[in-house]
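Student:
2 protein chains.
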Amino acid sequence: MAGIIEENPFVTDQELTRKLRVSIQTIRLDRMELGIPELRERLKVMAEQTYDQVRSLPIDEVIGEVIDLQLDRSGISIFEIKQEHVFSRNHVARGHHLFAQANSLAIAVINEEVALTATADIRFVRQVHLGEKVVAKAYVRSVSGERNKAKVEVFSYVGDDLVVHGHFIIFRSTSEGTVSEGGHEDENRH
Amino acid sequence: MAGIIEENPFVTDQELTRKLRVSIQTIRLDRMELGIPELRERLKVMAEQTYDQVRSLPIDEVIGEVIDLQLDRSGISIFEIKQEHVFSRNHVARGHHLFAQANSLAIAVINEEVALTATADIRFVRQVHLGEKVVAKAYVRSVSGERNKAKVEVFSYVGDDLVVHGHFIIFRSTSEGTVSEGGHEDENRH
DNA sequence: ACTACAATTAGTACCTGGTTCTAATACGAG
DNA sequence: CTCGTATTAGAACCAGGTACTAATTGTAGT
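Chains A and B are the protein sequences, given in the same order.
Reading the first sequence from the start, the letters are residues 1 to 190 in this note's numbering.
Reading the second sequence from the start, the letters are residues 191 to 380 in this note's numbering.
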């Protein structure tokens, strides 16, 4: 039963009686047993998720969890590879998620209201698999005030293994025009 | 009233009577008038949104829609920048989505059972905004059979404007070991 | 002041999708 | 056959409504 509800959380107890050919009381007893809340409660929880998501969208503007940040110096973030980040056929992480973590961290580490990625140079050293935790370390290598750009180097590890190595050039200006990729108001400045 | 509900969609008619100091019938008449559904309906709609989001995740194993593909030669994909792809504060596309489109296309264009990104070199030429359609064009520049790797160059445009330019090195082998990023069974080979 | 009309409020019946509780029935093991 | 568990039935109750009818209040026009 848990499977059916998981697959279609919108199912009512009534509908379950028809699928499982048991009485509605059995459905409800089992649901109690399994700790599965009633339909409305399920909907409410899902609704709260979307609502939180919408409200907290700025939070995942950084992909991965930033656990250390020294502005204009270095930063560390952790990103766990889950089902939604891998190719289904071989459970290997899709490159753009690893890129996203590194890119987000490179932007977060820059001490500026709006920071934009200008170029990125990424080397995928080895595959990352489902369930692995990727620790990305970013180091600001140079900050050239006149030209408003910073070079950031990022190393991503799984345990001791280097999995990704990247160089980013980040524009620090708030001006629009020649560079791409969004600005960023980060979590570390309040 | 519409404002209160918009701000807190989880409010019941009862709670509204207390906030607006009118009877519950007035609340309900007004809600009818404004075409605002009852609490449970609102929750259900929100729940369906989250559910759709989760369900459609596997679909984007190739980011963007591939509209032309000549294996080992070139490919074109289109990717529309939607709300979920941009920074909320300035509506500029997050870099990793543009990367993802280019990377996906670079892999798709390789005529191999499993293709993996080894390195990527990306330049973000200009910002891409909400609602813009990004057309990525990939060209296979070299295919060195002995070393099992291919160089792919990708140009992404919005209209006539070049927005992203990237060089990818893709491993064509099925062997594991030194390269990262998942294999890929693409839509074009069945 | 009286009337007409809209807005507001009250009240009742009914609905869905449940919970909670008590009680009856079926079913298999010892 | 009896004990214990699983299943089913049934009734009362609840939240958060819809749908409908009717009374009350307010207010503007003449």
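For every residue, glycine included, the Cβ atom is placed at its ideal position computed from N, Cα and C.
1. Which class does Gln70 of chain A belong to by DSSP, given the choice of helix, strand or coil?
2. I need the DSSP call for Ile59 of chain A, collapsed to helix, strand or coil.
3. Kindly indicate the opening and closing residues of the alpha helix (DSSP H) around Ala102 of chain A.
4. So which residues of chain A does Ile312 of chain B contact, with C-beta pairs closer than 9 Å?
5. Could you tell me which residues DSSP puts in a beta bridge with Glu48 of chain A?
6. From which residue to which residue does the alpha helix (DSSP H) around Glu153 of chain A run?
7. What is the rounded straight-line gap between the Cα of Arg42 of chain A and the Cα of Asp258 of chain B?
8. Terminal residues of the continuous alpha helix (DSSP H) containing Ala2 of chain A?
9. Is there a C-beta anywhere in chain B that falls below 8 Å from the one on Gly35 of chain A?
10. Does DSSP classify Phe168 of chain A as helix, strand or coil?
11. So is Glu112 of chain A buried or exposed if we call it buried at 16+ other beta carbons inside 10 Å?
12. In angstroms, rounded to a whole number, what distance separates the CA positions of Ile122 of chain A and Val164 of chain A?
13. Figure out for me which residue from A:Arg31, A:Lys19, A:Gln70 and A:Asn148 has the closest Cα to the Cα of Lys137 of chain A.
14. Is the shortest distance between the beta-carbon of Lys234 of chain B and the beta-carbons of chain A less than 8 Å?
15. Is Asp160 of chain A near Arg126 of chain A, with beta carbons less than 8 Å apart?
16. Helix or strand or just coil, what does DSSP make of Arg89 of chain A?
17. Going along the chain, which residues of its own chain have a beta-carbon closer than 6 Å to the beta-carbon of Thr157 of chain A, five neighbours each way excluded?
18. Using beta carbons (cut-off 8 Å, strictly below), is Ile249 of chain B in contact with chain A?
19. Under the three-state reduction of DSSP, which class applies to Val54 of chain A: helix, strand or coil?
20. Cβ closer than 7 Å: which chain B residues qualify as neighbours of Ala47 of chain A?
21. For Tyr347 of chain B, would you say it is in contact with chain A, using Cβ-to-Cβ distances shorter than 8 Å as the test?
22. Is the beta carbon of Gln291 of chain B sitting closer than 8 Å to the one on Ile266 of chain B?
23. Mind pulling the chain A residues with CB within less than 9 Å of Asn293 of chain B?
24. What's the C-alpha gap between Leu16 of chain A and Ala237 of chain B?
25. Leaving out five residues on either side along the sequence, give the residues of the same chain with a beta carbon under 6 Å from the beta carbon of Leu229 of chain B.
26. Who are the neighbours of Thr50 of chain A on chain B, taking C-beta pairs under 7 Å?
27. On the criterion of 16 or more Cβ atoms from any shown chain inside 10 Å, does Gly177 of chain A qualify as buried, or is it exposed?
28. How many Å lie between Val344 of chain B and His357 of chain B at the Cα?
29. Among the candidates A:Gln25, A:Val109 and A:Ala93, whose CA atom is the shortest distance from the CA of Arg141 of chain A?
30. Locate the alpha helix (DSSP H) running through Lys209 of chain B, then write down its first and last residues.
31. How big is the Cα-Cα spacing for Lys149 of chain A and Ile107 of chain A?
32. Taking Cβ-Cβ distances shorter than 8 Å, what residues in chain B pair up with Arg40 of chain A?
33. By Cβ distance, which residues of its chain are closer than 7 Å to Val276 of chain B, with the 5 residues on each side in sequence left out?
34. Assuming the contact rule is C-beta atoms closer than 8 Å, Val128 of chain A and Leu98 of chain A should be a hit. Round their C-beta distance to whole Å, please.
35. Quick one: Cα of Lys209 of chain B to Cα of Glu197 of chain B, how far?
Tutor: Based on what the coordinates show:
1. strand
2. Because Ile59 of chain A carries a pLDDT of 41, less than 50, the predicted location of this residue cannot be relied on, and the following value inherits that uncertainty. The answer is helix: DSSP assigns Ile59 of chain A an H, G or I state.
3. Gly95 to Ala108
4. Phe99, Thr117, Thr119, Ala120, Asp121 and Ile122
5. Bridge partners of Glu48 of chain A: none, in fact.
6. Glu153 of chain A -> not in any alpha helix (DSSP H); beta strand (DSSP E) instead, spanning Lys149 to Val158.
7. Arg42 of chain A and Asp258 of chain B: Cα-Cα distance of roughly 42 Å.
8. Counting along the chain, the alpha helix (DSSP H) containing Ala2 of chain A begins and ends at Ala2 to Glu7.
9. no
10. Reduced to three states, the DSSP call for Phe168 of chain A is strand.
11. buried
12. 7 Å
13. A:Gln70
14. yes
15. no
16. coil
17. Here the sequence assigns Tyr to residue 157 of chain A, which means Thr is not the residue at that position. Cβ neighbours of Tyr157 of chain A beyond the five flanking positions: Val135.
18. Note that Ile249 of chain B scores 42 on pLDDT, short of 50, meaning its location in the model is unreliable; the coordinates nonetheless yield the value given after this. Taking a beta-carbon distance threshold of 8 Å, Ile249 of chain B does not count as an interface residue toward chain A.
19. Below a pLDDT of 50, predicted positions are generally treated as unreliable, and Val54 of chain A, at 48, falls in that range; no measurement from the model is reported.
20. Leu233, Met236 and Ala237
21. no
22. no
23. Arg94, Gly95, His96 and Phe99
24. 20 Å
25. Once the five neighbours on either side are set aside, the close Cβ partners of Leu229 of chain B are Thr202.
26. Met236, Gln239 and Thr240
27. Here Gly177 of chain A scores only 39 on pLDDT, less than 50, and its place in the model should not be relied on; the value that follows carries that caveat. That one is exposed.
28. 6 Å
29. A:Val109
30. Asp203 to Leu210
31. 11 Å
32. Those within 8 Å of Arg40 of chain A in chain B are Arg230 and Leu233.
33. Result list for Val276 of chain B: Val282, Ala283, Arg284 and Leu320, in chain order.
34. Indeed, because the Cβ distance is near 6 Å, the residues count as touching under 8 Å.
35. Lys209 of chain B and Glu197 of chain B: Cα-Cα distance of roughly 13 Å.
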